[in-house]
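What follows is one structure encoded as structure tokens, with my remarks underneath.
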Amino acid sequence: MDRELLKGSTPLLLLSLLSEGPMYGYQIIETVRARTGGSYTLKEGALYPALHKLEAAEFISSYWETQPNGRERRYYAIQAGGTAFLDAKKREWKQFVDMVQGFVGPRG
Amino acid sequence: MMAAYLSEVERGLASLPRRRRRELIRELEASLLDEAESAGLVSEEAMAAVLDGKESPAEIARELVAAEADTSRHRRQTKLLAGGAVGLATGGYLLILGMLLNRPWRFSLSFGLAMGLAVGVGIFWSRSRWQRFNPLTRYLLAMGLGTLLAIPLGFVLGKFFLWTWLSYGTFAGYLVERFQSKRRVLAWVEDNILFTAILFALSTIWFKSWFLEWSDWQFVLRAMLFNFVIQVGVWGGLHLHRMLDGHWLLKPNRA
Numbered sequence: 016m017d018r019e020l021l022k023g024s025t026p027l028l029l030l031s032l033l034s035e036g037p038m039y040g041y042q043i044i045e046t047v048r049a050r051t052g053g054s055y056t057l058k059e060g061a062l063y064p065a066l067h068k069l070e071a072a073e074f075i076s077s078y079w080e081t082q083p084n085g086r087e088r089r090y091y092a093i094q095a096g097g098t099a100f101l102d103a104k105k106r107e108w109k110q111f112v113d114m115v116q117g118f119v120g121p122r123g
Numbered sequence: 592m593m594a595a596y597l598s599e600v601e602r603g604l605a606s607l608p609r610r611r612r613r614e615l616i617r618e619l620e621a622s623l624l625d626e627a628e629s630a631g632l633v634s635e636e637a638m639a640a641v642l643d644g645k646e647s648p649a650e651i652a653r654e655l656v657a658a659e660a661d662t663s664r665h666r667r668q669t670k671l672l673a674g675g676a677v678g679l680a681t682g683g684y685l686l687i688l689g690m691l692l693n694r695p696w697r698f699s700l701s702f703g704l705a706m707g708l709a710v711g712v713g714i715f716w717s718r719s720r721w722q723r724f725n726p727l728t729r730y731l732l733a734m735g736l737g738t739l740l741a742i743p744l745g746f747v748l749g750k751f752f753l754w755t756w757l758s759y760g761t762f763a764g765y766l767v768e769r770f771q772s773k774r775r776v777l778a779w780v781e782d783n784i785l786f787t788a789i790l791f792a793l794s795t796i797w798f799k800s801w802f803l804e805w806s807d808w809q810f811v812l813r814a815m816l817f818n819f820v821i822q823v824g825v826w827g828g829l830h831l832h833r834m835l836d837g838h839w840l841l842k843p844n845r846a
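Protein chains in written order, with the working numbering: chain V, 16 to 123; chain A, 592 to 846.
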């Protein structure tokens, strides 16, 4: 798989994951690894800058939460702006896939 | 082992403000501890194996610093442009109205600048700090800050301080929160009528001329039209903001 293509899609991938509920950094890394069958690992150097940019765009927000063992985690949660952006991009993506499918998909 | 790794990352973040640097390190440390904990790692050797699989401290620091610089540049530009949309709408409307009513253009320019730069940029800039709060708190903070930022508006006439104009800042703050979700057309009308009524009530207290203003339907219509211009300005500013954000987020990383 083209890793550059995946890297460019990181903000949408993150918004999509966060639309399922708040997550912390390592949880996101593990979820991506699990869902791609281990073929794509999100590195910290790509994940955190992407999360911080999404936060600067007010598409997500973050908060620290102390765990029962005393350790802290920074959780990220999607905001209304992020949901609207994700929905719009999902519609565009569907249109794009349908169009390409018309050329490269099986012909009936 | 991990402390040495983090301290090397922190050295690479030297160009960032101390508070931000500490926050980034704290987050990275939490992530590494989560990974170690989930893998059941307790020994130094095992931790060393985890860190071996990571990017080098210099590399991770470079990515973080590049993103911070890019974010800071983008934030400055978008807030200024979004605030500019508010100022352009209100100043532009007043300019046209001023030409029709033979009023000086300096008034439109001062009003547009104060409304755009102080109120618009100020609210757009600060909003990220309270967006996680509950809706009521968000509204109160946005309206409160909008009111304070509108202080320059009160001096625009230059003769005396017109405190009723602070309410334009309150209205802009309210609208920034209001437009975060999709709005029905009717809600625009409701907001406009409500705000116009509040403004007239405030003016009544200030000028003690209730009958004169409400009976002048042209004056009422002009006030409603101006409030509509503020609504369009804030709505446009927010949309411009989101469009630029989306474009920025999806553009290939030049770092």
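Using N, Cα and C, we set each Cβ at its ideal position, and we do this for glycine too.
Check: For the 8 Å Cβ check, are there 3 or more pairs between the stretch 47-64 of chain V and the stretch 651-670 of chain A?
Finding: Short answer: they touch.
Item checked: Length of the line joining the Cα atoms of A:G603 and A:Y596 -> 11 Å
Next item on the list: Taking all protein chains shown into account, decide if V:Q116 is buried (16 or more other Cβ within 10 angstroms of its Cβ) or exposed.
Entry: exposed
Notebook entry, point to check: Rounded to a whole number of angstroms, what is the C-alpha to C-alpha distance between V:W79 and V:R86?
Noted result: 10 Å
Note to self: When you compare the CB positions of A:L736 and A:G711, do they come within less than 8 Å of one another, or not?
What the structure shows: No, the pair does not count as a contact, with Cβ atoms beyond the cut-off.
Next item on the list: Could you pull out every residue in the same chain whose Cβ sits closer than 7 Å to the Cβ of V:K104, ignoring the five residues on either side in sequence?
Entry: L27
Notebook entry, point to check: Is the beta carbon of V:L57 sitting closer than 8 Å to the one on V:G97?
Noted result: no
Check: Can A:L831 and A:L672 be called in contact, C-beta distance under 8 Å?
Finding: yes
Checklist line | Any chain A beta carbon closer than 8 Å to V:P37 | finding: By this cut-off, V:P37 is not an interface position.
Item checked: Inter-stretch contact (C-beta, 8 Å, three-pair minimum) for the stretch 803-822 of chain A and the stretch 677-684 of chain A -> yes
Next item on the list: Identify which residue in V:K109, V:L101, V:L32 and V:R89 has its Cα closest to the Cα of V:S2.
Entry: Chain V is shown from 16 up to 123; residue 2 of chain V falls before or after that span and cannot be answered.
Next item on the list: For V:E107, name the three-state secondary structure that DSSP assigns.
Entry: helix
Checklist line | C-alpha gap between V:S54 and V:V47, whole angstroms | finding: 9 Å
Next item on the list: Reducing DSSP to helix, strand and coil, say where A:T669 ends up.
Entry: helix
Margin query: Can you give me the C-alpha to C-alpha distance between A:W808 and A:A814, rounded to a whole angstrom?
Written below: 10 Å
Item checked: Contact check, A:G837 vs A:G674, beta carbons under 8 Å -> A:G674 sits away from A:G837, with the two beta carbons spaced by 8 Å or more.
Checklist line | For V:Y39, three-class secondary structure by DSSP | finding: strand
Item checked: A:W784 versus A:A792 - alpha carbon distance -> Note that residue 784 of chain A is Ile in the sequence shown here, rather than Trp. Rounded to the nearest angstrom, the two C-alpha atoms are 12 Å apart.
Checklist line | For A:L697, the nearest candidate out of A:V747, A:A778, A:M592 and A:W779 (CA to CA) | finding: Note that residue 697 of chain A is Arg in the sequence shown, not Leu. Selected option, being the one with the closest Cα: A:V747.
Note to self: Using the three-state DSSP reduction, which class does V:Y135 fall into: helix, strand or coil?
What the structure shows: The structure shown does not extend to residue 135 of chain V, since chain V spans only 16 to 123, so no value can be given for it.
Check: Hey, V:Y41 and A:S622 are a contact pair by Cβ (cut 8 Å); roughly how many whole angstroms apart?
Finding: About 5 Å separates the Cβ atoms of V:Y41 and A:S622, confirming a contact at the 8 Å cut-off.
Check: Are there 16 or more other CB atoms within 10 angstroms of the CB of A:S917, so buried, or fewer, so exposed?
Finding: This structure cannot settle anything about residue 917 of chain A, because the visible part of chain A is limited to 592 through 846.
Notebook entry, point to check: By a C-beta neighbour count over all protein chains shown, 10 Å radius and 16 as the cutoff for buried, is A:L655 buried or exposed?
Noted result: buried
Notebook entry, point to check: Counting only beta-carbon atoms, is V:K68 nearer than 8 Å to chain A?
Noted result: yes
Item checked: Counted within 10 angstroms of its Cβ, other Cβ atoms place A:G713 as buried (16 or more) or exposed -> Classification of A:G713: buried, given that the 10 Å Cβ count is 16 or more.
Margin query: Between V:N84 and the ligand HEM, is there a pair consisting of the residue's CB and a ligand heavy atom that are separated by less than 7 Å?
Written below: For the ligand HEM, the structure offers nothing, since it holds no ligand at all.
Item checked: Neighbour list for A:K645 in chain V, Cβ cutoff strictly below 8 Å -> K58 and E59
Item checked: Any C-beta of chain V under 8 Å from that of A:S772 -> Yes, A:S772 counts as interfacial toward chain V.
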